[in-house]
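Peer 1: Take this structure first; my questions come after.
Chains as they are written, first to last, in the numbering used here: chain A, 37 to 289; chain B, 37 to 289.
The structure is reproduced here in structure tokens:
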């Protein structure tokens, strides 16, 4: 597929992302459901002015502290994140000492293989290519995990995740960091730390926060987590969307 | 594809629509771009509470008056509307005395054929299967029209339409009635009558309004059009989205 929008276009990044997600269909990585979900995200990102707000930066600071405290952090990868932020998640995984694991809603062995191939093409291995364990208590395909990764992870980063699975991970005692553009959806409402931002902006930001906090030590990280209030972050995000709607130009979406 | 969500599900209609749009990929009718656009619509419909507001009813009244006044009205059909509201548009076309014409953003002769087959399966013919004319002044594939339809139509109903094409139709002197869920996008901002509603709710509503107004005669229809203010309709829709965001439960999208 060719992509001819010039970088000077005011919505260049959004259009590049859309192109990547659409191209993922050809590659066997994204699904129709993933495309529709991306469209919902586009609408919320547009209402947020397509920029990272202070509430997203604050959540990234808490998420960085959580990842630095974690014994076994895992970054969960689905079709959309594989297309949008494979390189950013590989880099974040290295900085955070976190494993990457495939976790897809519409399960198919060949989709897992295609996602793994994409990560290998960027020089990274990934878990979950052939899941060999199940999370107890979740009945769908979403229960499938890799015994080397998600099964006994203590901190899981999910992006563009299904609400049922997020609830389940929290109930299973894991600390869940969610990245999602809709503050009202069940995933950010359920996760302990919710970064309301576009994944393409959020993951580099989160990595930068880890680098910034690394030297401060565990006591500082724990203090950050103790004072973090996810409810107020979600309220701030809802407020930003309302304000965004008031401030918008008569513009194209 | 199977669809197993029970009708009692609070978001049943939204999930059925999503399933249809996704199924359209298999049928060669919807495209990846159409799926992403549907997702954006889902987000706005959710913020509108997935119901028809008074501003949508008012716009339908004006649209009904416009269709009753029109000498040659045409309903424009794309991949998403073909999957979502083929039967509703066929019924509306009969009630309004309007022709149906295929008009797709990503042109492909076989897509036009598949859409036509779908309409034929519901007992309706449709124009634009093999476009034989061009609208002057528009350079892309979107200029392609049927000489028996859109070319000299005086009133065109577009749904989920591209902004460039809508602007062009208005500049070409046509009265444009738009159905769109995002009041901020260029299509409803440009059209003379903008129905901010889900196409599945809007088209039956519009048809009902035509039946209601038919007996009132041209003077009444012209009076409705003379007093109609599309700017205030768009402002009311923006306000409803803001209020929707304030009133929403902590619910899943």
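For every residue, glycine included, the Cβ atom is placed at its ideal position computed from N, Cα and C.
Since the model is a prediction, treat every value here as computed from it, not as a measurement.
By Cβ distance below 8 Å, which residues in the same chain neighbour residue 37/B in space, the five residues on each side in sequence not counted?
Peer 2: For residue 37/B, the predicted structure reports a pLDDT of 45, less than 50, and the residue's modelled location is therefore unreliable. A value from the coordinates is still provided. Here the set comprises 55, 58, 59, 62.
Peer 1: Report all residues from its chain with a CB closer than 8 Å to the CB of residue 285/B; omit the five preceding and five following residues, and keep chain order.
Peer 2: In this prediction, residue 285/B scores a pLDDT of 49, lower than 50, which makes its location untrustworthy; the coordinate-derived value is nonetheless stated afterwards. Same-chain partners within the cutoff: there are none.
Peer 1: I'd like the ranges of any alpha helix (DSSP H) spanning at least 4 consecutive residues and lying wholly in the region 47-126 of chain B.
Peer 2: Segments of the alpha helix (DSSP H) lying fully in the region 47-126 of chain B: 48-62, 68-83, 90-105.
Peer 1: Have a look at residue 161/A and residue 136/A and give me their C-alpha separation to the nearest angstrom.
Peer 2: Distance between the alpha carbons of residue 161/A and residue 136/A is about 8 Å.
Peer 1: Give the interface partners of residue 71/A over in chain C, defined as CB-CB distance under 8 Å, in chain order.
Peer 2: Although the question refers to chain C, the structure presented lacks it and instead comprises the protein chains A and B.
Peer 1: Just the C-alpha distance for residue 69/A and residue 70/B, rounded to the nearest angstrom, thanks.
Peer 2: Residue 69/A and residue 70/B: Cα-Cα distance of roughly 12 Å.
Peer 1: So, at 7 Å on beta carbons, what are the nonlocal neighbours of residue 212/B in its own chain, with the 5 sequence-adjacent residues on each side left out?
Peer 2: So the qualifying residues of the chain are 192, 194, 202, 205, 206, 227, 228.
Peer 1: For residue 277/A, which residues in chain B fall below 7 Å Cβ to Cβ?
Peer 2: Neighbours of residue 277/A on chain B, chain order: 281.
Peer 1: Alpha carbon to alpha carbon, how far is residue 95/A from residue 231/A?
Peer 2: Each residue's alpha carbon lies about 5 Å from the other.
Peer 1: Please decide whether residue 232/B counts as near chain A, where near means a Cβ-Cβ distance under 8 Å.
Peer 2: Taking Cβ atoms only, chain A never reaches closer than 8 Å to residue 232/B, which makes this a no.
Peer 1: With a cut-off of 8 Å on the beta carbons, I'd call residue 246/A and residue 104/A a contact; round off their distance for me.
Peer 2: About 6 Å separates the two Cβ atoms, so the contact holds.
Peer 1: Could you check which residue in 183/B, 67/B, 92/B has the C-alpha nearest to that of residue 277/B?
Peer 2: The candidate whose alpha carbon is nearest that of residue 277/B is 92/B.
Peer 1: Give every residue of the same chain whose Cβ lies closer than 7 Å to the Cβ of residue 83/A, excluding the five residues on either side of it in the sequence, and list them in chain order.
Peer 2: Excluding sequence neighbours, residue 83/A sits near 277, 280, 281.
Peer 1: Mind checking which residues open and close the alpha helix (DSSP H) that includes residue 200/A?
Peer 2: It spans 199-207 - the alpha helix (DSSP H) in which residue 200/A sits, taken as one unbroken run.
Peer 1: Going by Cα to Cα distance, which pick from 45/A, 163/A, 190/A is closest to residue 182/A?
Peer 2: Selected option, being the one with the closest Cα: 163/A.
Peer 1: Among residues of its own chain, excluding the 5 on either side of residue 186/B, which ones have a beta-carbon nearer than 6 Å to its beta-carbon?
Peer 2: Closer than 6 Å at the Cβ level, and outside the excluded window around residue 186/B, lie 110, 137.
Peer 1: So what does residue 232/A bridge to, in DSSP terms?
Peer 2: DSSP, once it has assigned bridges, lists 216/A as partnering residue 232/A.
Peer 1: Taking 8 Å as the CB-CB cut-off, is residue 61/B touching chain A?
Peer 2: Judged by the 8 Å Cβ criterion, residue 61/B is in contact with chain A.
Peer 1: If you measure from the beta carbon of residue 204/B to each beta carbon in chain A, is any gap under 8 Å?
Peer 2: By this cut-off, residue 204/B is not an interface position.
Peer 1: At a Cβ threshold of 8 Å, is residue 79/A touching chain B?
Peer 2: Chain B, which has a Cβ nearer than 8 Å to the Cβ of residue 79/A, makes this yes.
Peer 1: Flag this pair as touching only if the region 132-151 of chain B and the region 261-271 of chain B have three or more C-beta atom pairs under 8 Å; answer yes or no.
Peer 2: With a cut-off of 8 Å, the region 261-271 of chain B and the region 132-151 of chain B do not count as touching, because too few Cβ pairs lie within range.
Peer 1: Suppose you measure from the CA of residue 127/A to the CA of residue 119/A; what does that come to, to the nearest Å?
Peer 2: Near 15 Å, if we compare the C-alpha coordinates of residue 119/A and residue 127/A.
Peer 1: Quick check: residue 216/B and residue 177/B, are their CB atoms within less than 8 Å of each other?
Peer 2: No.
Peer 1: Along the alpha helix (DSSP H) that carries residue 137/B, what are the first and last residues, could you check?
Peer 2: Careful: residue 137/B lies outside any alpha helix (DSSP H), inside the beta strand (DSSP E) at 135-138.
Peer 1: Have a look at residue 222/A and residue 150/A and give me their C-alpha separation to the nearest angstrom.
Peer 2: Cα to Cα, the separation comes out at about 28 Å.
Peer 1: Consider the Cβ of residue 58/A: report whether some Cβ of chain B lies at a distance smaller than 8 Å.
Peer 2: Output row for residue 58/A: interface = yes.
Peer 1: Which term fits residue 265/A, buried or exposed, when burial requires 16 or more other beta carbons within 10 angstroms of its beta carbon?
Peer 2: Label assigned to residue 265/A: exposed.
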